[in-house]
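Protein chains: 2
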Amino acid sequence: MNAEIISVGTELLLGETINTDAAAVAQLLSEFGINVYWQTVVGDNRARLEHAVQVARERSDIIITTGGLGPTCDDLTKEVVAGAFGRKLVLNREEEARLRGLYAERNSYMTENHLQQVYLPEGCTVLVNDWGTAPGCAFEADGCLVILLPGPPMECGPLLEHRVRPLLEARSDSLILSHSVKIFGIGEGTMEYRLRDLMNEMTNPTLAPYAKEGECLVRITAKAHTVQEAEDMIAPWIERVRQEVGEFAYGVDTENIQTCAMELLMQSGRTISVAESCTGGLVGDLMTNVPGASSVFRGGVIAYTDEMKRQLLGVDAAVLAEHGAVSRETAIQMAERARRLLDTDLALSVTGLAGPGDDGVHTVGTVFVALAAPEGTYVRRLYKDKWGRERIKHAAANHAFDMLRRYLTDLPVEYDEVC
Amino acid sequence: MNAEIISVGTELLLGETINTDAAAVAQLLSEFGINVYWQTVVGDNRARLEHAVQVARERSDIIITTGGLGPTCDDLTKEVVAGAFGRKLVLNREEEARLRGLYAERNSYMTENHLQQVYLPEGCTVLVNDWGTAPGCAFEADGCLVILLPGPPMECGPLLEHRVRPLLEARSDSLILSHSVKIFGIGEGTMEYRLRDLMNEMTNPTLAPYAKEGECLVRITAKAHTVQEAEDMIAPWIERVRQEVGEFAYGVDTENIQTCAMELLMQSGRTISVAESCTGGLVGDLMTNVPGASSVFRGGVIAYTDEMKRQLLGVDAAVLAEHGAVSRETAIQMAERARRLLDTDLALSVTGLAGPGDDGVHTVGTVFVALAAPEGTYVRRLYKDKWGRERIKHAAANHAFDMLRRYLTDLPVEYDEVC
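The listed protein sequences derive, respectively, from chains V and P.
Residue numbering for the first sequence is 4 to 422, as defined by my numbering.
Residue numbering for the second sequence is 4 to 422, as defined by my numbering.
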């Protein structure tokens, strides 16, 4: 079964609004194993919308539109789509009563143009909108299921979940389930190179690589009749991918590397602190985005200047003088001093050059990350060329969490990365 | 001149990735008054991509694709699009050298599949990618300008700004220029209410309100033949909007409230430090995202637990016992102690409850932000109900920067906000 998404709205064509609705619709459809081969965006324009609908009905079994159901004169979707399938729009009495009720509740006067929202295609199923004023609707014509949804994401989202999902469940014989092996420390290209043969030979389940900022993942997707069947199809491949990628695989469906590291830390019952220079507090910020962080994270020191590294952390002036603030030695002392100062089991430190200017010694993008533990301190040197300040900071923070993750799972913690 | 955007990527069709590239491309095109009538999304599928290109060339003068330029076997865009216009892909020596150079710098082994990225359409203009590995490219065929861009937003964005913009400037007769009045402290609704009459009566320039996470802005857009002409049309309206919005307007085209505050701080020559509890380092992180921060930011203390507030900052145990960690009094002491400890002219502190759990005293979303200055300490109380951990942290940080901005421009600093 193929579906097509048509998003209607000039604000999308102008780039003023990002098309999150299309992603939400697509996610729901793919859950049911319904293929989406096309997404189209058109403006509030009768002729182009008509054209898009004509093209869509030729090639798709399901057409879902978002946007253009409102009360204004450029809300054309219902009229055009219903017209394309030879349906008249008729006033829906229940919806009219509901709409008038809403305005009465708000003690606000309903101008007549609002009634446009409750003229619906003859014989359609009304998708009652408890999250806004304009109802959605669905009807079948010429073997095509047509679903019209309002554009505002706060309305489109719940309507998808509470109105469209049941419609699809009633029609679907199979489902699609995915799990993602999350990977840190190797790039998408390298990963794909290792997995290419696997990926090419497979049809169901399928393997697909994705690159996310600073990380990548392999998604394993199975089409089956039951969840259990799909899980059984996926399980062996998760193991296989883990074997191929080895210690770079940090989790399955884990949100990100910091969530992975922090959850391991909470399980271990160990406490942690940070000493941050070039990241300026980012590592602590990311730690405290993980619910429950307060059970393991005590705090830290942001030592942005050499003076603060000496004064707040007690880094030796000699070390700073001899090796500089951006050095393995300084990173080690920062982590060890933080660990002692905040009396924690572990401590992470970051010192580096995020740019734009360099310090005359190191080039921009040179960062040292250290993890202090009871039995010793580990350091990683990174070099992120031409990445820009914020990306360098994020890469450094991700490596800090990867070191923590590796330490807590008895994997080698130290390696220098240049990328 | 009409343009069409074709976004390539199965992850878009599956809804795993939101199509931000299309919005970025559309925004740039509309700046040049180039109409975008169609956006299409197709998967990594040869036949459907070919079809989309054939349809697009019939109806559009400019085709811009995003995605599918990478090293993996499902990166088909170049091959398919070049093929559709009868162009061969040829190895580009400069780009090959650049690519090999990148890997050499990183001392990392370049697998052969990476070379796929530097096979480019014969006779194309290379859009050198200084933000990633895969270059973009542009060529003209049959009176159609074809531009191919990589999919990762961190690469697509800068390539649009630094490579595509100049291409379009060279072809455009009229131009569209926009300036944005950035606003913090009032919502989009209030702003729109204040400006509605203005907005409705205008055609060129136009006024449009936008809401961004925690801020909003009014964009003033003029269409003209020269930049000077456009600037002259816009200037009086910037003043007018500033009058309407008053002290809530913090800048024109300023990136965000922290950039605004940090630049004012640098101009003032004053130094600053932070004391963070619930934000966990976010304020320092945002400060150090602003280039030049090192000239004013010395560092700070992340005191996530009461013990650390006492031990690292010297907050009185009595104050914590009497008023609790989430209180006006604690926020004041945190800021004042940080100011003294780090010997800075100013200091910002944040203490609050970002959730998920509450402390039995305050409800989640209660945050106190303080600014310590030589002549006294200012406090702001926020209450962000049902916002979720990360949004509460960001709202708190934004208010910290707004207090700094107001202090440095002699505006009232203290007000409590509930929203």
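Yeah, the Cβ is synthetic: ideal placement off N, Cα and C, and Gly gets one too.
Taking C-beta atoms under 8 Å as the contact rule, L285 (chain P) and G302 (chain V) fail to qualify, at a distance of about 13 Å.
A direct Cα-Cα distance of roughly 23 Å separates N259 (chain V) from G160 (chain P).
Between the alpha carbons of V56 (chain V) and V83 (chain V) lies a gap of roughly 9 Å. Across the set V:T308, V:S10, V:L414 and V:Q42, the C-alpha of V:L414 shows the shortest separation from the C-alpha of G249 (chain V).
Residue state for F187 (chain P) is assigned as coil, using DSSP reduced to three classes.
With contacts defined as CB atoms closer than 8 Å, L385 (chain V) and V372 (chain V) qualify as a contacting pair. The residues N207, P208, A225 and A227, in chain order, have a CB closer than 8 Å to that of M236 (chain V) in the same chain once the five nearest residues on each side in sequence are set aside. Within its own chain, the residues whose Cβ lies closer than 6 Å to the Cβ of E14 (chain P), once the five positions on either side in sequence are excluded, are T20, listed in chain order. The region 395-405 of chain V and the region 344-355 of chain V touch, with three or more beta-carbon pairs separated by less than 8 Å. Segment contact: the region 137-157 of chain V against the region 114-127 of chain V, three or more CB-CB distances shorter than 8 Å; contact assigned.
Distance between S271 (chain P) and N110 (chain P), taken at the CA atoms: about 44 Å. Secondary structure at L315 (chain V): coil, using DSSP grouped into helix, strand and coil. With a threshold of 16 other beta carbon atoms within 10 Å, D176 (chain P) falls short and is exposed. Contact annotation: V184 (chain V) and A252 (chain V) have beta-carbon atoms nearer than 8 Å.
Beyond the five residues adjoining it in sequence on each side, A334 (chain V) comes within less than 8 Å, by CB distance, of S352, V353, T354, F371, V372, A373 and V382 in the same chain, given in chain order. If you check each beta-carbon in the region 52-78 of chain P against every beta-carbon of chain V, the ones closer than 9 Å belong to A55, V58, G73, P74, T75, C76 and D77. For the alpha helix (DSSP H) assignment, the uninterrupted runs of no fewer than 4 residues enclosed by the region 273-360 of chain P are, from N- to C-terminal side, 285-290, 309-314, 320-326 and 331-344. Contact check for E242 (chain V) against L180 (chain V) fails: the beta carbons are separated by 8 Å or more.
Taking C-beta separations shorter than 6 Å and ignoring five residues to either side along the sequence, the partners of R197 (chain V) in its chain run E247, following chain order. When beta bridges are read from the DSSP output, A252 (chain P) appears opposite P:I186. Of all residues in the region 36-53 of chain V, the ones placed with a Cβ closer than 7 Å to any Cβ belonging to chain P are V39, Y40, W41, Q42, T43, V44, V45, G46 and R51, in chain order. Counting along the chain, S10 (chain P) sits inside the beta strand (DSSP E) bounded by residues N5 to V11. Residues of the region 319-331 of chain V with a Cβ closer than 7 Å to any Cβ of chain P: none.
Taking all protein chains in view, the Cβ of R199 (chain P) is surrounded by fewer than 16 other Cβ atoms within 10 Å, so the residue is classified as exposed.
At least one beta carbon of chain V lies nearer than 8 Å to the beta carbon of L345 (chain P). Secondary structure of Y418 (chain V) (DSSP, three-state): coil.
Within chain V, the residues whose beta carbon sits less than 8 Å from that of E393 (chain P) are N292, listed in sequence order. Here the alpha carbon of R408 (chain V) sits roughly 22 Å from the alpha carbon of T369 (chain V).
C-alpha of R49 (chain P) to C-alpha of L162 (chain P): approximately 25 Å in a straight line. For Y106 (chain V), the enclosing alpha helix (DSSP H) has its first and last residue at R96 to E108.
Looking from the CA of V93 (chain V), the closest CA among V:C140, V:E108, V:I67 and V:V244 belongs to V:C140. Under the 8 Å criterion on CB atoms, T114 (chain P) is classed as interfacial with respect to chain V. One finds Y307, T308, E310 and M311 in chain V with Cβ atoms closer than 8 Å to the Cβ of R301 (chain P), taken in chain order. The straight-line gap separating the alpha-carbon atoms of E204 (chain P) and Y213 (chain P) is approximately 18 Å. Per DSSP, the continuous alpha helix (DSSP H) segment holding F404 (chain V) begins and ends at R392 to L411.
Here S298 (chain P) has M269 as same chain residues with Cβ atoms under 7 Å from its own Cβ, once five neighbours each way along the sequence are excluded.
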